[in-house]
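Okay, structure first, notes after.
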């Protein structure tokens, strides 16, 4: 009897970069022209909520100008066709995986098209601008913020991700730097549980040495090739 492997896939900024979305840090350590400390920390939100909200409003609006690429489409195809357990964990806050058709998907760092109430903790789908002081639809507290995991905050779904890694026969990392924890530690966790590990990346990541195999090149080329290989088994 053929055993269908359980797969956990981690995606990072590199998979969306080919769609035109800026990677985490650009030239000079800036994130789309801003220091990360000025737009992606709880302290930044408290000190200058107008700047933080405007930054994410612009990033949310920019999603209308990008489309999923071949790598997103290939993972959605795998999601539809794979009869074993499969989980796509993304560090990205864009919606390109969803728009490509992926369903077995978790956003560990939040999502641009969601708002979070700092008062009651409820989350809401959100499409347009989100000015500071917007009232929560659930509790009316004027404490809605972008549903983004800031530095210093705990990523979402960690229990579910760790449980999936414990059962994974294969862990695949796509387009990640290997520098941001806890995601950078997933490869070691998968190895400790006995899973095989594969890296698909434009360049070697900081954690390349932990992978059984690293394939280097554009995600739009490597991911469809790997998916075809898996589905042709």
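Numbering (my numbering), first residue to last: 897 to 1129.
For each residue, glycine too, the CB sits at the ideal point set by N, CA and C.
Note that the coordinates shown come from a computational prediction; the quantities given were computed from them, not determined experimentally.
Would you mind sorting residue 964 into buried or exposed? The rule is 16 or more other CB atoms within 10 Å of its CB. Buried.
According to DSSP, is residue 988 helix, strand or coil? Correct three-state label for residue 988: coil.
Start and end of the alpha helix (DSSP H) containing residue 905? From DSSP, residue 905 is part of no alpha helix (DSSP H) but of the beta strand (DSSP E) over 903-907.
Can you list the beta strand (DSSP E) stretches of 3 or more residues lying completely in the segment 944-1021, in chain order? Unbroken beta strand (DSSP E) stretches of 3 residues or longer found wholly inside the segment 944-1021: 982-986, 1001-1003, 1006-1013 and 1019-1021, given in chain order.
Can you tell me whether residue 987 is buried or exposed? The criterion is at least 16 other CB atoms within 10 Å of its CB, across all chains shown. By the 10 Å Cβ count, residue 987 comes out buried.
So, are the CB atoms of residue 1102 and residue 1069 less than 8 Å apart? No, they are not a contact pair.
From 1044, 1027 and 1047, residue whose alpha carbon lies closest to that of residue 1038: Nearest of 1044, 1027 and 1047 to residue 1038, Cα basis: 1027.
Using the three-state DSSP reduction, which class does residue 1063 fall into: helix, strand or coil? Residue 1063 falls in the helix class under three-state DSSP.
For the alpha helix (DSSP H) holding residue 1026, just list the boundary residues, first then last. Residue 1026: not part of any alpha helix (DSSP H); DSSP gives it neither H nor E.
Using the C-alpha atoms, what's the distance from residue 966 back to residue 1120? Going from the Cα of residue 1120 to the Cα of residue 966 covers about 7 Å.
Is residue 1002 a contact residue of the ligand FMN, with contact defined as CB to any heavy atom under 7 Å? Ligands are entirely absent from the displayed structure, and the ligand FMN is therefore not among its contents.
The alpha helix (DSSP H) enclosing residue 1127, as first and last residue numbers: Note, residue 1127: alpha helix (DSSP H), 1115-1127.
Secondary structure at residue 1036, three-state DSSP: helix, strand or coil? Here residue 1036 sits in coil by DSSP.
Go ahead and pull the three-state DSSP assignment for residue 935. In this structure, residue 935 counts as helix in the three-state DSSP scheme.
What are the residues that DSSP puts in a beta bridge with residue 1069? Paired residues: 906 and 1095.
Supposed close pair residue 1087, residue 1093 - CB separation, criterion 8 Å: Contact flag correct, Cβ pair sits at about 6 Å.
I'd like to check one pair, residue 1079 with residue 1042: are the Cβ atoms closer than 8 Å? Pairing residue 1042 with residue 1079 gives a Cβ-Cβ distance that is not under 8 Å.
Let me know the secondary structure DSSP gives residue 1110 once reduced to three states. Note: residue 1110 maps to strand in three-state DSSP.
Give me the Cα-Cα distance between residue 1034 and residue 1047, rounded to the nearest whole angstrom. Approximately 26 Å, taken between the alpha carbons.
Using only CA atoms, which one of 1112, 1001 and 1108 lies nearest to residue 968? For residue 968, the nearest C-alpha among the options comes from 1001.
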